[in-house]
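**Student:** In the numbering used here, the protein residues as written are 383 to 720.
In this text, a Cβ means the ideal position worked out from N, Cα and C, and glycines have one as well.
As the structure is a computational prediction, the values presented were derived from the model and not from experiment.
I have a structure here, written as structure tokens, and I will follow up with some questions on it.
Shown next, in the form of structure tokens:
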């Protein structure tokens, strides 16, 4: 089994220009520190010295991440530790041409969403290398979700189910109503993922109805690598994921800069590509992501605790309910909050 963390995000929505995983969380530990310590803890617990761990970095996070993890020699280095996702040009919203920004040309490109995981694995040769070494199953999660570790119960359930793909879902609360939810396809009867970016404005109220759509995608995914290779072979080297349009500015910190569109795919949407894909409801402790400064403040608070195996989970007295924190807009960026 391979443990893979998605680490391509800069956290531009939080005003960051480096990997979000370099932010301090608790006790002087960054996200990356805690992930490295989780892996070491799992190697000890499972008595597997060569537990495979990898990162999918982006062109913007690779160097900083590798430098930060260099002190953890047991993780591996170079191509054994990471592969880099592709980058795509931002598109000018007014005329759909590639965006230009002379002040900082690097802002002209963006990662094409975490759905790029699959083609990046194929294009980098990572998928074939893993299969050649005998790896069959992969557990994927976001680097900003410190509750997501490789759970043997989940792995056992996934393997015994025979499913080629399994999504961990959790019950929606008001804190999750804007996140992607699980649904059934009317055409095939199979499972699919619907993101807010795919929702028409007039359907937004129904989209956020937690009694109608009860489960949301935690982005903790289990994938059969042999089945993934089969999908690529069936589709001439591609995987048919829906493309989403996100409106941004070319410089994320300058709201007066050129309006652009970023075209992205979501890795959870692959649930509709695998025949026989399934989902499993997991406890809330496996989901503690950070997307905003409000999330970061919550994670740093006493509503969460650091476990012995270096997971950050909700404190027992929260009874599985995360705190609701909404900071004023002036604290949208991390430097302002801190």
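Is residue 532 helix, strand or coil by DSSP?
**Tutor:** By one-based count along the chain shown, residue 532 stands at place 150. In this structure, residue 532 counts as coil in the three-state DSSP scheme.
**Student:** Threshold first: 3 residues or longer. Then list the beta strand (DSSP E) segments lying entirely within the region 386 to 453, N to C.
**Tutor:** Fully enclosed beta strand (DSSP E) runs of 3 or longer: 406 to 408, 434 to 439.
**Student:** Give me the Cα-Cα distance between residue 549 and residue 424, rounded to the nearest whole angstrom.
**Tutor:** Counting from one through the chain shown, the residue named residue 549 turns up at place 167. Counting from one through the chain shown, the residue named residue 424 turns up at place 42. Near 21 Å, if we compare the C-alpha coordinates of residue 424 and residue 549.
**Student:** Starting from residue 581, follow its DSSP beta bridges and name the residues at the other end.
**Tutor:** Counting from 1 along the chain shown, the entry for residue 581 is found at position 199. Looking at the DSSP assignment, residue 581 forms no beta bridge with any residue, so it has no partner.
**Student:** Can you tell me the Cα-Cα spacing of residue 484 and residue 640, whole angstroms?
**Tutor:** Taking the first residue of the chain shown as 1, we reach residue 484 at position 102. Taking the first residue of the chain shown as 1, we reach residue 640 at position 258. So the two alpha carbons sit approximately 12 Å from each other.
**Student:** Helix or strand or just coil, what does DSSP make of residue 686?
**Tutor:** Here residue 686 refers to the residue found at position 304 when the chain shown is read from its first residue. In the structure shown, residue 686 sits in a strand (DSSP, three-state: E or B).
**Student:** Take residue 667 as the anchor and find which of 719, 701, 509 has the nearest alpha-carbon.
**Tutor:** To locate residue 667, count along the chain shown from 1; it is residue 285. The candidate whose alpha carbon is nearest that of residue 667 is 701.
**Student:** Just tell me which of 711, 629, 587, 670 has its CA closest to the CA of residue 478.
**Tutor:** The residue labelled residue 478 in the question sits at position 96 within the chain shown. Among 711, 629, 587, 670, the Cα nearest to that of residue 478 is on 629.
**Student:** Could you pull the DSSP bridge partners for residue 376 from this structure?
**Tutor:** This structure gives no information on residue 376, because the portion of the chain shown stretches from 383 to 720.
**Student:** Measure the C-alpha to C-alpha separation of residue 513 and residue 401 and round it to an integer number of angstroms.
**Tutor:** Numbered from its first residue, the chain shown carries residue 513 at position 131. Numbered from its first residue, the chain shown carries residue 401 at position 19. Approximately 29 Å, taken between the alpha carbons.
**Student:** Nearest to residue 493 by alpha carbon, out of 656, 713, 649, 716?
**Tutor:** As a first step, residue 493 is located in the chain shown; it is residue number 111 there, counting from the start. The option with the nearest alpha carbon to residue 493 is 649.
**Student:** Looking at the secondary structure, which residues open and close the alpha helix (DSSP H) in which residue 514 lies?
**Tutor:** Translated into positions along the chain shown, residue 514 becomes position 132. Looking at the DSSP string, the run of the alpha helix (DSSP H) that includes residue 514 is 508 to 514.
**Student:** Counting along the chain, where does the alpha helix (DSSP H) carrying residue 502 start and finish?
**Tutor:** The sequence position of residue 502 within the chain shown is 120, counting from 1. 499 to 505 is the extent of the alpha helix (DSSP H) around residue 502.
**Student:** For the alpha helix (DSSP H) holding residue 718, just list the boundary residues, first then last.
**Tutor:** Here residue 718 corresponds to residue number 336 of the chain shown, with the count starting at 1. Run containing residue 718: 716 to 719, per the alpha helix (DSSP H) assignment.
**Student:** Whole angstroms is fine: what's the gap from residue 561's alpha carbon to residue 691's?
**Tutor:** In the chain shown, residue 561 corresponds to position 179, counting from 1. In the chain shown, residue 691 corresponds to position 309, counting from 1. Using only the alpha carbons, I get a separation of about 28 Å.
**Student:** Output the residue ranges of the beta strand (DSSP E) runs that lie fully inside the region 581 to 628 and measure 3 residues or longer, sorted by chain position.
**Tutor:** Listed in chain order, they are 597 to 606.
**Student:** Is residue 676 buried or exposed, if buried means 16 or more other CB atoms sit within 10 Å of its CB?
**Tutor:** The residue given as residue 676 occupies position 294 in the chain shown. So residue 676 counts as buried.
**Student:** Look up residue 463 in the DSSP assignment and say whether it is helix, strand or coil.
**Tutor:** Your numbering for residue 463 matches position 81 in the chain shown. Coil, per DSSP.
**Student:** Which whole-angstrom value describes the C-beta separation of residue 575 and residue 653, a residue pair presumed to lie in contact below a C-beta threshold of 8 Å?
**Tutor:** Residue 575 sits at position 193 when you count from the first residue of the chain shown. Residue 653 sits at position 271 when you count from the first residue of the chain shown. Their Cβ separation, rounded to whole angstroms, is 6 Å, which keeps residue 575 and residue 653 in contact under 8 Å.
**Student:** Taking the alpha-carbon of residue 671 as reference, which of 572, 405, 385 has the nearest alpha-carbon?
**Tutor:** Counted from its first residue, the chain shown places residue 671 at position 289. Nearest C-alpha to residue 671: 405.
**Student:** Starting from the C-beta of residue 566, find all residues in its chain whose C-beta is less than 8 Å away, skip the five residues before and the five after it, and write them out in chain order.
**Tutor:** Sequence index remark: in the chain shown, residue 566 carries index 184 (1-based). Excluding residues within five positions, the ones whose Cβ falls inside 8 Å are 572, 573, 574.
**Student:** What are the residues that DSSP puts in a beta bridge with residue 576?
**Tutor:** Here the question's residue 576 lines up with position 194 in the chain shown. In DSSP, residue 576 forms a bridge with 563.
**Student:** In this structure, does DSSP put residue 537 in helix, strand or coil?
**Tutor:** Taking the first residue of the chain shown as 1, we reach residue 537 at position 155. If DSSP states are grouped into helix, strand and coil, residue 537 belongs with the helices.
**Student:** Excluding sequence positions up to five away, which residues of its chain have a Cβ less than 6 Å from the Cβ of residue 678?
**Tutor:** The residue given as residue 678 occupies position 296 in the chain shown. Closer than 6 Å at Cβ, skipping near neighbours: 672.
**Student:** Span of the beta strand (DSSP E) holding residue 649?
**Tutor:** As a working mapping, residue 649 is identified with position 267 in the chain shown. From DSSP, residue 649 is part of no beta strand (DSSP E); its letter is neither H nor E.
**Student:** Taking DSSP as the reference, what is the three-state secondary structure of residue 679?
**Tutor:** Here residue 679 refers to the residue found at position 297 when the chain shown is read from its first residue. Correct three-state label for residue 679: helix.
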